[in-house]
Amino acid sequence: MILFSWGVIMKSTGLVYACIAPHGSELIPALAGSHFDQVALTRSALEELGRNMAASAPDTIVVVTPHGLRLDTAISIVTTDYTSGALEENGGRVEAEFVCDRLLAEQILQEARSHNLPVVGALFGALEGPASRFQLDWGALIPLWFMGAHWDRKPKVLIGPCRTIPLTDLVTLGRIIARKAEQCGHKVALIASADQAHAHHAEGPYGFDPAAALYDAAMQEIVRDGHLEHLLKLDPGLVASAKPDSLWQMLVLYGATLEVSMQGRLLSYQVPTYFGMLCASYEVRKY
Numbered sequence: 455m456i457l458f459s460w461g462v463i464m465k466s467t468g469l470v471y472a473c474i475a476p477h478g479s480e481l482i483p484a485l486a487g488s489h490f491d492q493v494a495l496t497r498s499a500l501e502e503l504g505r506n507m508a509a510s511a512p513d514t515i516v517v518v519t520p521h522g523l524r525l526d527t528a529i530s531i532v533t534t535d536y537t538s539g540a541l542e543e544n545g546g547r548v549e550a551e552f553v554c555d556r557l558l559a560e561q562i563l564q565e566a567r568s569h570n571l572p573v574v575g576a577l578f579g580a581l582e583g584p585a586s587r588f589q590l591d592w593g594a595l596i597p598l599w600f601m602g603a604h605w606d607r608k609p610k611v612l613i614g615p616c617r618t619i620p621l622t623d624l625v626t627l628g629r630i631i632a633r634k635a636e637q638c639g640h641k642v643a644l645i646a647s648a649d650q651a652h653a654h655h656a657e658g659p660y661g662f663d664p665a666a667a668l669y670d671a672a673m674q675e676i677v678r679d680g681h682l683e684h685l686l687k688l689d690p691g692l693v694a695s696a697k698p699d700s701l702w703q704m705l706v707l708y709g710a711t712l713e714v715s716m717q718g719r720l721l722s723y724q725v726p727t728y729f730g731m732l733c734a735s736y737e738v739r740k741y
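Positions 455 to 741 (our numbering) are the ones given, in order, by the sequence shown.
If you want it as structure tokens, here you go:
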């Protein structure tokens with residue numbers, strides 16, 4: 455069922471919102487140090503993403519993160535009861551804890567297996583209860599700081615994509631997430647946690663490569679023009695040289711939009727240090 459309000463679609467179940475969000479620690483004010491003003495544009499865009507997501511009132515947030523459990527030939531899907539983590543930088547500290555939506559995670563896992571996707575359920579500690587707890591990595595914690603950490607404790611699902619499997623498998627995973635979100639009977643939002651190219655400056659940890667600017671320009675165009683399908687056409691050599699951690703999570707987002715028609719909007723892009731940061735909001739398309 456779809457409810458209409460002031461010309462905007464208000465879905466009662468399923469995928470109700472999605473976004474692309476960066477995960478630089480300096481985006482959180484308490485961790486920013488001397489970079490506070492440098493990332494103001496991106497921080498403002500993240501705050502807008504938070505407002506947009508809050509307006510969609512999701513029951514569960516699925517976070518696709520590049521910095522969680524990374525398996526060489528498989529996608530990890532966290533199936534613990536809880537997830538928690540902390541970050542410390544520039545004399546500041548933040549921490550967060552969430553209940554995991556274990557039922558939805560297991561449904562996604564089962565459906566992915568039925569499509570022969572290389573997925574693995576990730577448990578840590580106990581099978582259930584407070585000790586059934588997975589580490590919340592910075593790729594998840596930082597976007598969630600703006601989208602959920604200060605709300606009532608919303609259930610979460612953490613997914614770590616694999617970079618060595620066919621890209622089309624990640625698209626299929628996105629489609630499965632959207633379908634299971636619809637079937638679960640409550641509202642679900644999706645965060646593609648993604649920093650762009652990491653080779654913008656010679657003094658950065660990955661050095662300089664002109665491919666970084668080319669990659670980020672392509673990503674901005676893809677998002678701005680609403681052609682996420684072009685992610686599948688990117689030159690693998692360009693991707694390798696640019697050193698991003700965005701392509702794989704964005705392909706999961708693309709798959710989800712094939713199941714639920716969404717209108718994307720590029721909110722911001724900047725390179726405050728050595729890596730690019732892009733924010734984009736995806737809302738259910740008006741009809």
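We put the CB at the ideal spot given by N, CA and C, even for glycine.
DSSP-derived helix/strand/coil call for residue i
i	result
Phe662	coil
Asp623	helix
Met601	coil
Ala648	coil
Gln561	helix
Arg567	helix
Ala511	coil
Ser715	coil
Leu523	coil
Gly680	coil
Tyr762	Look at the range of the chain in this structure, 455 to 741, and you will see that residue 762 is not part of it.
Leu685	helix
Gly628	helix
Gly478	coil
Val493	coil
Neighbourhood of residue i by C-beta distance below 7 Å, restricted to the same chain and skipping five residues each side
i	result
Trp592	His477, Ser479, His521 and Leu541
Leu590	Thr537, Ser538, Gly539 and Ala550
Val714	Gly468, Leu469, Ala632 and Val738
Pro584	Tyr536
Glu675	none
Pro483	Phe490
Gly680	Gly718
Arg567	Val573
Bridge partners - residue i, DSSP secondary structure assignment
i	result
Glu501	None, per the DSSP bridge assignment.
Thr537	Phe552 and Phe588
Asp699	Asp649
Ser530	Val574 and Gly614
Glu542	Arg547
Ala643	Tyr471 and Ile515
Tyr723	Leu732
Arg579	The amino acid at residue 579 is misidentified as Arg; the sequence shows Gly. Per DSSP, Ser586.
Nonlocal neighbours in the same chain, by C-beta distance under 6 Å from residue i, ignoring five residues either side
i	result
Gly461	Because Gly461 carries a pLDDT of 37, less than 50, the predicted location of this residue cannot be relied on, and the following value inherits that uncertainty. There are no such residues.
Cys638	Leu558
Asp670	Gln650, Ala651 and Gly730
Glu543	Ser479 and Leu485
Pro726	Gln492 and Val493
Where the beta strand (DSSP E) through residue i begins and ends
i	result
Lys610	Lys610 to Gly614
Ser735	Met731 to Val738
Ala576	Val573 to Ala576
Ala475	Gly468 to Ala475
Extent of the continuous alpha helix (DSSP H) to which residue i belongs
i	result
Arg617	From DSSP, Arg617 is part of no alpha helix (DSSP H); its letter is neither H nor E.
Leu485	Pro483 to Ala486
Cβ shell of residue i (< 8 Å), same chain only, five flanking positions each side left out
i	result
Lys501	Looking at the sequence itself, residue 501 is Glu, so the reference to Lys does not match. Phe600, listed in sequence order.
Ala607	Before going on, a small fix: residue 607 reads as Arg here, not Ala. Closer than 8 Å at the Cβ level, and outside the excluded window around Arg607, lie Glu551, Phe552 and Val553.
Gly658	His652, Thr727, Tyr728 and Phe729
Query raised in the report: Three or more beta-carbon pairs under 8 Å between the segment 523-534 and the segment 570-587, yes or no?
Result: yes
Query - Cβ contact check for the segment 507-515 and the segment 635-651: 3 or more pairs under 8 Å - result: yes
Query - the segment 491-502 / the segment 712-725 touching (three or more Cβ pairs under 8 Å) - result: Output reads yes: the segment 712-725 touches the segment 491-502.
Query - Stretch pair the segment 683-696 + the segment 704-718: three plus CB contacts closer than 8 Å - result: At 8 Å Cβ cutoff, the stretches touch.
Report task. Please confirm if the segment 480-492 is in contact with the segment 612-631, defined as three or more CB-CB distances below 8 Å between the two stretches. Result -> They do not touch, by the three-pair rule.
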